[in-house]
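Student: Using this note's numbering, you'd call the opening residue of the sequence shown number 3 and step up by one each time.
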Amino acid sequence: MPRAVLFDLDNTLVDRDRALRELLADHFADPQDRAALLCLDGDPRFFVAWSERARRPFSQQDLAGQLALRIAPDPELIEALGELGRRCQLGLVSNGGSRSQRAKLRAAGLEELLGAALVVSGEVGLQKPDPEIFWLACRRLVREPHECLFIGDQEAVDGVGARAAGLSFQLARRVLDAETVRGL
Ligand SMILES: [Mg+2]
């Protein structure tokens with residue numbers, strides 16, 4: 003059992019891809035528009051393309067709010083994380099802006115649970131896979147990297163970074179549910 007378990011957020015603890023697909027479906031009837039915007043996810047041109055297609059401005063702030071509206075707490079997952087949190091320390095290392103990541107965390111009911119080491123790249127000026135961001139999370143928990151497990155869905159970002167920092171790594175092949183968390 004690791005002394006601390008740190009999680010990625012998007013598509014590990016919250017289903018961001020589903021929230022984005024729902025958001026696009028709610029705003030764009032044309033599948034070509036939806037596909038074009040999905041391709042630009044994570045690219046600053048996403049907002050220009052959205053604004054042009056919808057004929058009204060759409061900002062990073064709008065996206066953060068709209069995604070958070072499509073994320074709901076999973077009471078079983080929260081309970082399982084609460085149980086895990088009584089056996090070891092919990093934390094989060096997430097790439098993204100402060101506003102967007104915290105809006106999703108709040109919407110999912112996870113902000114308090116992971117508050118001991120809640121590291122968001124936009125708040126600390128570091129991002130995965132830089133080992134420094136993992137070391138920062140370990141320092142906040144007063145743990146050595148080898149005492150910590152990191153769980154994330156992207157091998158190239160989460161796996162490479164966590165291992166380079168000396169943490170154990172477990173790939174999340176789908177968004178975590180209560181059963182998976184209870185099996186940790
Ligand atoms: Mg992720």
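Glycine included, every Cβ here is placed at the ideal spot set by N, Cα and C.
Every value quoted in this text rests on a predicted model; they were computed, and no experiment measured them.
Tell me which residues pass a beta-carbon proximity test against ligand 1: closer than 7 Å to any heavy atom, given in chain order.
Tutor: Residues with a Cβ closer than 7 Å to any heavy atom of ligand 1, in chain order: Asp10, Leu11, Asp12, Asn13, Thr14, Gly154, Asp155, Gln156, Asp160.
Student: Suppose you measure from the CA of Trp52 to the CA of Lys106; what does that come to, to the nearest Å?
Tutor: By 1-based counting over the sequence shown, the position of residue 52 is 50. By 1-based counting over the sequence shown, the position of residue 106 is 104. So the two alpha carbons sit approximately 21 Å from each other.
Student: What runs of the alpha helix (DSSP H), each 4 residues or longer, lie entirely inside the stretch 77-161?
Tutor: DSSP runs (the alpha helix (DSSP H)) wholly in the stretch 77-161: 77-89, 100-109, 123-126, 133-143.
Student: Rounded to the nearest angstrom, what separates Gly84 and Leu115 at their Cα positions?
Tutor: Taking the first residue of the sequence shown as 1, we reach residue 84 at position 82. Taking the first residue of the sequence shown as 1, we reach residue 115 at position 113. Gly84 and Leu115: Cα-Cα distance of roughly 7 Å.
Student: Which residue from Ala118, Gln68, Phe48 puts its Cα closest to that of Arg18?
Tutor: As a position in the sequence shown, residue 18 is number 16, starting the count at 1. Comparing Cα-Cα distances from Arg18 to each of Ala118, Gln68, Phe48, the minimum goes to Gln68.
Student: Quick one: grab the DSSP three-state call for Phe9.
Tutor: The residue labelled residue 9 in the question sits at position 7 within the sequence shown. Here Phe9 sits in strand by DSSP.
Student: Buried or exposed for Arg104, please, with buried defined as at least 16 other CB atoms from any protein chain shown within 10 angstroms of its CB.
Tutor: Taking the first residue of the sequence shown as 1, we reach residue 104 at position 102. By the 10 Å Cβ count, Arg104 comes out buried.
Student: Look up Val16 in the DSSP assignment and say whether it is helix, strand or coil.
Tutor: The residue given as residue 16 occupies position 14 in the sequence shown. Looking at Val16 - three-state DSSP - the assignment turns out to be strand.
Student: If we call anything under 9 Å between Cβ atoms a contact, is Leu71 one with Leu94?
Tutor: Here residue 71 is taken as the residue at index 69 of the sequence shown, counted from 1. Here residue 94 is taken as the residue at index 92 of the sequence shown, counted from 1. No, the Cβ-Cβ distance between Leu71 and Leu94 is not below 9 Å.
Student: What does DSSP give as the partner residue(s) for Gln172 in the beta ladder?
Tutor: Stepping through the sequence shown from its first residue, residue 172 is reached at position 170. Looking at the DSSP assignment, Gln172 forms a beta bridge with Ile153.
Student: Using DSSP with H/G/I as helix, E/B as strand and the rest coil, what is Ser61?
Tutor: Stepping through the sequence shown from its first residue, residue 61 is reached at position 59. Three-state result, Ser61: coil.
Student: Is the beta carbon of Ala109 closer than 9 Å to that of Pro75?
Tutor: On the sequence shown, position 73 is the one that residue 75 refers to. On the sequence shown, position 107 is the one that residue 109 refers to. Closer than 9 Å, so yes.
Student: Let me check understanding here. Comparing Cα to Cα, which of Gly168, Phe9, Pro33, Gly163 lies closest to Leu178?
Tutor: As a working mapping, residue 178 is identified with position 176 in the sequence shown. Selected option, being the one with the closest Cα: Phe9.
Student: Could you check which residue in Gly168, Arg58, Asp64 has the C-alpha nearest to that of Arg145?
Tutor: Residue 145 sits at position 143 when you count from the first residue of the sequence shown. Cα-wise, what sits closest to Arg145 is Gly168.
Student: By how many angstroms is the C-alpha of Ala180 removed from the C-alpha of Glu81?
Tutor: Within the sequence shown, residue 81 is the residue found at index 79, counting from 1. Within the sequence shown, residue 180 is the residue found at index 178, counting from 1. Going by the C-alpha atoms only, they are around 8 Å apart.
Student: In its own chain, which residues sit with a C-beta less than 8 Å from the C-beta of Asp43, not counting the 5 before and 5 after it?
Tutor: On the sequence shown, position 41 is the one that residue 43 refers to. Once the five neighbours on either side are set aside, the close Cβ partners of Asp43 are Leu22.
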